[in-house]
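Before any comments, here is the structure.
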Amino acid sequence: MRAQSMKPLSFAILVAVLMLLAMFLAQKASAKELEVIYDNGHTRDVSNYLYDISPEEVKNEILKERQIKSPEELIELIKKYRAEEKKNFDAAKKRQGIKTLFPLDTGGLIVGKVNSRTVSFPALKVPLCIIGADDASLQWFDQIKYELKEQNGQCWLVQANGIADLKKVLSHSKGIVPVMPIPGSMAKNRFGISRYPALITADVITQ
Numbered sequence: 015m016r017a018q019s020m021k022p023l024s025f026a027i028l029v030a031v032l033m034l035l036a037m038f039l040a041q042k043a044s045a046k047e048l049e050v051i052y053d054n055g056h057t058r059d060v061s062n063y064l065y066d067i068s069p070e071e072v073k074n075e076i077l078k079e080r081q082i083k084s085p086e087e088l089i090e091l092i093k094k095y096r097a098e099e100k101k102n103f104d105a106a107k108k109r110q111g112i113k114t115l116f117p118l119d120t121g122g123l124i125v126g127k128v129n130s131r132t133v134s135f136p137a138l139k140v141p142l143c144i145i146g147a148d149d150a151s152l153q154w155f156d157q158i159k160y161e162l163k164e165q166n167g168q169c170w171l172v173q174a175n176g177i178a179d180l181k182k183v184l185s186h187s188k189g190i191v192p193v194m195p196i197p198g199s200m201a202k203n204r205f206g207i208s209r210y211p212a213l214i215t216a217d218v219i220t221q
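Going by this note's numbering, the first residue of the sequence shown is number 15, and it counts up by one from there.
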């Protein structure tokens, strides 16, 4: 009697195993179309970020009767694997998206002395600093970052050649002041500046 009652369940698990393996093969085939997530002439393969499950691993996991005792448990296992794959792919996509920001072009801004002048930017509610990843900008930033923090200030990064430059800037910021990569042309056109580093408030531009 026990043997007869087990047959439907065993058959259901076998069918589920075959379905999962079929899904796995289809997924591996489609993954090749997802490897390129941004093509700007410098395409990078992100396949290494995908959660890779071998058919043997899936088979061994499923055939452990003590862990997989019903089709419902098998479905939960499939959901777990697919969630892990999506999580790792999304993280890779985010890293790739950050890379496409660089190099940051200053848009004509140059490093130099900024003469103080009065302005009127009533919409600017908090102080804003404009810096690059160059040593002069970072030395200046180190001198004002704590004052900026007290005023809830922010910082626009308008020059950086790559991720290494961004990391260098963030090592100076240390989370004290938010730093946002912004095209230099935006700062130039919005505030009428030609040089940086600069500190901009609602009523003055200074260094």
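Where is the CB? At the ideal position from N, CA and C, for every residue including glycine.
Which of the three DSSP states is assigned to residue i in this structure?
i: Gln235; result: In the structure as shown, the chain begins at 15 and stops at 221. Residue 235 is therefore absent and cannot be evaluated.
i: Gly198; result: helix
i: Ala43; result: At Ala43, the pLDDT of 45 sits below 50, so the modelled position is not reliable and the matter cannot be decided from this model.
i: Val183; result: helix
i: Leu115; result: coil
i: Arg58; result: Since pLDDT at Arg58 reaches only 38, below the 50 mark, its modelled position is unreliable, and the value read off the structure follows with that caveat. In the structure shown, Arg58 sits in coil (DSSP, three-state: anything other than H, G, I, E or B).
i: Lys163; result: helix
i: Ala137; result: coil
i: Ala97; result: helix
i: Met20; result: Annotation note: pLDDT 46 at Met20 (below 50); position unreliable, coordinate value reported separately. Here Met20 sits in helix by DSSP.
i: Asp156; result: helix
Is the distance from the Cβ of residue i to the Cβ of residue j below 8 Å?
i: Gly198; j: Asp119; result: yes
i: Leu115; j: Ile214; result: no
i: Ala147; j: Val193; result: no
i: Leu162; j: Pro195; result: no
i: Ser208; j: Leu123; result: yes
i: Asp217; j: Ser134; result: yes
i: Gly126; j: Lys202; result: no
i: Gln168; j: Val191; result: yes
i: Ser151; j: Ile158; result: no
i: Trp154; j: Pro117; result: no
Could you tell me which residues DSSP puts in a beta bridge with residue i?
i: Ala132; result: This sequence places Thr at residue 132; Ala is not what is there. Its beta-bridge partners are Val218.
i: Gly146; result: Gln173
i: Ile124; result: Arg209
i: Tyr191; result: Note that residue 191 corresponds to Val in the displayed sequence, not to Tyr. Val191 pairs with nothing; no bridge assigned.
Does the distance between the C-beta of residue i and the nearest non-hydrogen atom of the ligand SAM fall short of 7 Å?
i: Leu184; result: Among the ligands in the structure shown, none appear at all, so the ligand SAM cannot be discussed.
Using 8 Å for Cβ pairs, my map puts residue i next to residue j. What's the rounded Cβ distance?
i: Asp149; j: His186; result: Their Cβ separation, rounded to whole angstroms, is 10 Å, which puts Asp149 and His186 out of contact at 8 Å.
i: Asn166; j: Val140; result: 5 Å
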